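For the record, in the sequence shown the residue sitting at position 12 is 117 according to my numbering, with numbers rising by one throughout.
The beta-carbon is built from N, C-alpha and C at its ideal position, and this holds for glycine as well.
In this text the structure is predicted, and so the values were computed from the model without any measurement.
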Amino acid sequence: MAQGGVLGNGTKVGFSAASPVSWTRVGQLLDDTFPSLETQKVDSTIHGTSKFMRNMPGMIAVGDLTLIVLGDLDEGTDAAMKTIYDYLQSQTTLWWRIEVPVDRAQTEFTAFEFQGFVASFNYLSPITDRQTAEINIGYDSASFVRYNAGATAIT
């Protein structure tokens, strides 16, 4: 149980098209919405004397990973943004890794890995606020792996 809680500050997201995996960090991360996991319910009611319907667990639906990052159109300062945009255009499935700090010192992280594609990439440039980009990653895999806490793999 978290004693006093741990901030999400320090969360890292990386992607890789290569095997063995070498992570490219998504820089200037402002916020993320973690992929939701939801077990679908399958009706397993047998008609008889019971008035209660029954369900059994079905397949697990995985929601999108949503990233909000500073909108950096300068390839010299954040080449990863152009790379991610290019992967949207090519419709390439990539490996994705999310590392969430488990301690306030940010020395250990619980990691999650899955394969997914860039489903959308939206630049937002309001006149009176900072430019940002919203990136949605769609799930395209047969697994969603959670690792025990350890050192970071995303540099």
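Span separating the alpha-carbon of K117 from that of Q133: 10 Å
Beta-bridge partners of M161, as assigned by DSSP: DSSP output for M161 lists V147 as bridge partner(s).
Range covered by the alpha helix (DSSP H) that runs through I70: Beyond the ends of the chain as shown, which are 106 and 260, falls residue 70; an answer cannot be given.
Closest residue to Y244 among F217, V174 and D169 (Cα-Cα distance): Considering only alpha carbons, the answer is D169.
Residues that DSSP places opposite G255 in a beta bridge: F214
Span separating the alpha-carbon of D177 from that of Q236: Straight across, the Cα-Cα distance linking D177 with Q236 is about 8 Å.
Nearest-angstrom Cα separation, counted from T154 out to N241: 47 Å
Given G221 as reference, the closest of R130, A184, A185 and S248 once Cα atoms are compared: S248
Length of the line joining the Cα atoms of T150 and F139: Spanning the two alpha carbons is a distance of roughly 33 Å.
Check whether I189 and V223 have beta carbons under 7 Å apart: yes
For T188, three-class secondary structure by DSSP: helix
Inter-residue spacing [alpha-carbon to alpha-carbon] between T182 and R159: 55 Å
Sub-7 Å separation of E218 and T257 beta-carbons: no
With 16 other Cβ atoms within 10 Å as the buried cut-off, status of D208: exposed
Alpha-carbon to alpha-carbon, A123 and W200: 8 Å
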